[in-house]
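Below is one structure; the comments refer to it alone.
Number of protein chains: 2
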Amino acid sequence: MLNENSIHLMNRVIKLSKDNLNNNKVPIAAIVVDSSTNEIISEATNGDSVLDHAEILVLKKALDKLSTNRLYECDIYVTIEPCPMCATAIAKTHIRRLYFGAEDKKGGGVINGPKIFSHSNLKVPEVISHCFAEETSNLLKKFFESKRN
Amino acid sequence: MLNENSIHLMNRVIKLSKDNLNNNKVPIAAIVVDSSTNEIISEATNGDSVLDHAEILVLKKALDKLSTNRLYECDIYVTIEPCPMCATAIAKTHIRRLYFGAEDKKGGGVINGPKIFSHSNLKVPEVISHCFAEETSNLLKKFFESKRN
Numbered sequence: 006m007l008n009e010n011s012i013h014l015m016n017r018v019i020k021l022s023k024d025n026l027n028n029n030k031v032p033i034a035a036i037v038v039d040s041s042t043n044e045i046i047s048e049a050t051n052g053d054s055v056l057d058h059a060e061i062l063v064l065k066k067a068l069d070k071l072s073t074n075r076l077y078e079c080d081i082y083v084t085i086e087p088c089p090m091c092a093t094a095i096a097k098t099h100i101r102r103l104y105f106g107a108e109d110k111k112g113g114g115v116i117n118g119p120k121i122f123s124h125s126n127l128k129v130p131e132v133i134s135h136c137f138a139e140e141t142s143n144l145l146k147k148f149f150e151s152k153r154n
Numbered sequence: 006m007l008n009e010n011s012i013h014l015m016n017r018v019i020k021l022s023k024d025n026l027n028n029n030k031v032p033i034a035a036i037v038v039d040s041s042t043n044e045i046i047s048e049a050t051n052g053d054s055v056l057d058h059a060e061i062l063v064l065k066k067a068l069d070k071l072s073t074n075r076l077y078e079c080d081i082y083v084t085i086e087p088c089p090m091c092a093t094a095i096a097k098t099h100i101r102r103l104y105f106g107a108e109d110k111k112g113g114g115v116i117n118g119p120k121i122f123s124h125s126n127l128k129v130p131e132v133i134s135h136c137f138a139e140e141t142s143n144l145l146k147k148f149f150e151s152k153r154n
């Protein structure tokens, strides 16, 4: 169950994803938020490099902004299930909670594939999956359809 | 079995790792090399951020330098077994071959933990493990002992 603030933040993630889609980029975005104040610490969307996933970029921005290597009190919101690279990065920063939209059966690394948080000896976050699953899944479908056409 | 050039490159990785150790940093380094010309494309060592692993930094440098998202013809040399984040990043760039030193039973993601290349539907590299395993393992041991003291 998402509370009002989480719904607001997932909607913001979807808005940023749509902006990326309108620019012909992968509609994936991520937000890091301070869970105690609800202040947005950083926002990012997927970049052009295969390594510039929204999650990596938003975590780096948050670490820089807070001058820390730990995001204990922070939550991260992402459009779809993070890949194994991003799931590991999330664990390394000790994020408190991960919210994501649709699952990614092909590329996901949280509840699919290597299920990073079940193997890792890192501090893993609480996971809230399938937030606005249909809407976020449709965004990705739209993007890949447009790429095929 | 390592050929003369691979021995040279692993020795270079060990040299860079020792330099980091002498600066009181994690003794982990990585090199990306063009496998057809043996030219070193990029070098990196672990940075201060928990996300600035040598592998991520060296891959980003190589992608930037070659203005590409694919490193089909390149090999990567690393001090120890990459973590799941870095193993996934290596696969995403379509690196040809991964050489690494000691295995990392606790944090590794290639032959330990989530064994990223066995799950991923990405193009996974050929893996040459345990290159100079004792020497690289000792480097890491030295670092963690110095941290405890």
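Those protein sequence lines, which keep their order, are chains A and E. So the first sequence is residues 6 to 154, counted in my numbering. So the second sequence is residues 6 to 154, counted in my numbering. The beta-carbon is built from N, C-alpha and C at its ideal position, and this holds for glycine as well. It should be emphasised that the depicted structure is a prediction, and the values quoted were computed from it without experimental measurement.
Glycine 112 of chain E and cysteine 88 of chain E - do their beta-carbons sit closer together than 8 Å? Counting from one through the second sequence, the residue named residue 88 of chain E turns up at place 83. Counting from one through the second sequence, the residue named residue 112 of chain E turns up at place 107. Yes, the Cβ-Cβ distance between cysteine 88 of chain E and glycine 112 of chain E is below 8 Å.
Assign aspartate 80 of chain A to buried or exposed, taking buried as 16 or more other Cβ atoms, counted over all protein chains shown, within 10 Å of its Cβ. Along the first sequence, one-based indexing puts residue 80 of chain A at 75. Around the CB of aspartate 80 of chain A, 16 or more other CB atoms lie within 10 Å, so the residue is classed as buried.
Would you kindly work out how many angstroms separate the C-alpha atoms of phenylalanine 105 of chain E and proline 130 of chain E, rounded to a whole number? Your numbering for residue 105 of chain E matches position 100 in the second sequence. Your numbering for residue 130 of chain E matches position 125 in the second sequence. Phenylalanine 105 of chain E and proline 130 of chain E have their alpha carbons spaced roughly 12 Å apart.
Please return the same chain residues whose Cβ sits closer than 8 Å to the Cβ of methionine 15 of chain E, not counting the five positions on each side in sequence. In the second sequence, residue 15 of chain E corresponds to position 10, counting from 1. Closer than 8 Å at Cβ, skipping near neighbours: Leu7, Tyr82, Tyr104, Gly106, Cys136, Phe137.
Mapping DSSP to helix, strand and coil, what is leucine 127 of chain A? As a working mapping, residue 127 of chain A is identified with position 122 in the first sequence. In the structure shown, leucine 127 of chain A sits in coil (DSSP, three-state: anything other than H, G, I, E or B).
If you draw a straight line from the C-alpha of valine 37 of chain E to the C-alpha of isoleucine 36 of chain A, how long is it? Position 32 of the second sequence holds residue 37 of chain E. Position 31 of the first sequence holds residue 36 of chain A. Going by C-alpha positions, valine 37 of chain E is about 32 Å away from isoleucine 36 of chain A.
Isoleucine 95 of chain E, enclosing alpha helix (DSSP H) - first and last residue: In the second sequence, counting from the first residue as 1, residue 95 of chain E sits at position 90. Isoleucine 95 of chain E -> alpha helix (DSSP H) spans 89-97.
Would you give the residue range spanned by the beta strand (DSSP E) that glutamate 48 of chain A belongs to? Here the question's residue 48 of chain A lines up with position 43 in the first sequence. First-last of the beta strand (DSSP E) with glutamate 48 of chain A: 45-50.
Among the residues of its own chain, which have a CB less than 7 Å from the CB of histidine 99 of chain A, if the five just before and after it don't count? Here residue 99 of chain A corresponds to residue number 94 of the first sequence, with the count starting at 1. Within the same chain, histidine 99 of chain A has close Cβ partners Arg75, Leu76, Tyr77, Lys128.
Any chance the stretch 141-148 of chain A sits against the stretch 54-64 of chain A, with 3 or more Cβ pairs inside 8 Å? These segments do not touch.
Proximal residues, the stretch 119-142 of chain E versus chain A, C-beta separation under 9 Å: Answer set for the stretch 119-142 of chain E: Pro119, Lys120, Ile121, Ser123, His124, Ser125, Asn126, Leu127.
Helix, strand or coil: which one does DSSP assign to leucine 21 of chain E? What you label residue 21 of chain E is simply residue 16 of the second sequence in a count that begins at 1. DSSP places leucine 21 of chain E in helix when its eight states are reduced to three.
Is the shortest distance between the beta-carbon of threonine 98 of chain A and the beta-carbons of chain E less than 8 Å? Locating residue 98 of chain A in the first sequence gives position 93, counting from the first residue. Yes, because at least one Cβ of chain E sits closer than 8 Å to the Cβ of threonine 98 of chain A.
Straight-line Cα distance separating arginine 102 of chain A from isoleucine 133 of chain A: Within the first sequence, numbered from 1, the residue matching residue 133 of chain A stands at position 128. Within the first sequence, numbered from 1, the residue matching residue 102 of chain A stands at position 97. Going from the Cα of isoleucine 133 of chain A to the Cα of arginine 102 of chain A covers about 8 Å.
Excluding five sequence neighbours on each side, which residues of the same chain lie with their C-beta closer than 8 Å to the C-beta of proline 119 of chain E? As a working mapping, residue 119 of chain E is identified with position 114 in the second sequence. Cβ neighbours of proline 119 of chain E within its own chain (closer than 8 Å, five residues either side excluded): Pro89.
List the residues of chain E whose Cβ lies closer than 9 Å to the Cβ of lysine 111 of chain A, in chain order. Position 106 of the first sequence, counting from 1, holds the residue named residue 111 of chain A. Residues of chain E passing the Cβ test: Asn126.
Measure the C-alpha to C-alpha separation of serine 72 of chain A and valine 55 of chain E and round it to an integer number of angstroms. Within the first sequence, numbered from 1, the residue matching residue 72 of chain A stands at position 67. Within the second sequence, numbered from 1, the residue matching residue 55 of chain E stands at position 50. When only Cα atoms are considered, serine 72 of chain A and valine 55 of chain E end up about 12 Å apart.
Residue(s) in a DSSP beta bridge with aspartate 80 of chain E: Against the second sequence, residue 80 of chain E aligns to sequence position 75. E/Val38, E/Arg102, per the DSSP bridge assignment.
Straight-line Cα distance separating glutamate 9 of chain A from glutamate 44 of chain A: Counted from its first residue, the first sequence places residue 44 of chain A at position 39. Counted from its first residue, the first sequence places residue 9 of chain A at position 4. Cα to Cα, the separation comes out at about 14 Å.
Sequence-distant residues of the same chain with beta carbon closer than 8 Å to glycine 114 of chain E, five excluded per side: Within the second sequence, the letter at position 109 stands for residue 114 of chain E. If we look at glycine 114 of chain E and ignore the five residues flanking it on each side, its Cβ neighbours are Glu86, Pro87, Cys88, Pro89, Met90, Cys91, Ala92, Thr93, Lys120, Ile121.
Backbone secondary structure at isoleucine 121 of chain A - three-state DSSP: Numbered from its first residue, the first sequence carries residue 121 of chain A at position 116. Here isoleucine 121 of chain A sits in helix by DSSP.
Could you tell me the distance, in whole angstroms, from the CA atom of asparagine 126 of chain A to the CA atom of asparagine 154 of chain A? Working through the first sequence from its first residue, we reach residue 126 of chain A at position 121. Working through the first sequence from its first residue, we reach residue 154 of chain A at position 149. About 43 Å.
Three-state class that DSSP yields for valine 63 of chain E in the structure shown: Within the second sequence, the letter at position 58 stands for residue 63 of chain E. Valine 63 of chain E falls in the helix class under three-state DSSP.
Proximal chain A residues relative to cysteine 79 of chain E, where beta-carbon distance stays under 8 Å: The residue given as residue 79 of chain E occupies position 74 in the second sequence. Close partners of cysteine 79 of chain E in chain A (Cβ separation under 8 Å) are lacking, with about 14 Å as the shortest Cβ gap.
Considering leucine 145 of chain A, what are the terminal residues of the alpha helix (DSSP H) in which it resides? In the first sequence, the residue the question calls residue 145 of chain A occupies position 140. In the DSSP annotation of this structure, the continuous segment of the alpha helix (DSSP H) that includes leucine 145 of chain A starts and ends at 138-153.
Anything in chain A within Cβ reach of lysine 65 of chain E, meaning under 9 Å, just list it in chain order. If you number the second sequence from 1, residue 65 of chain E lands on position 60. Near lysine 65 of chain E (Cβ distances below 9 Å), the residues of chain A are Ser54, Leu56, Asp57.
Interface residues of chain A facing leucine 68 of chain E [CB-CB closer than 8 Å]: Counting from one through the second sequence, the residue named residue 68 of chain E turns up at place 63. Chain A residues near leucine 68 of chain E: Ser54, Val55, Leu56.
Cβ of cysteine 136 of chain E within 7 Å of any heavy atom in the ligand SAH? Ligands are entirely absent from the displayed structure, and the ligand SAH is therefore not among its contents.
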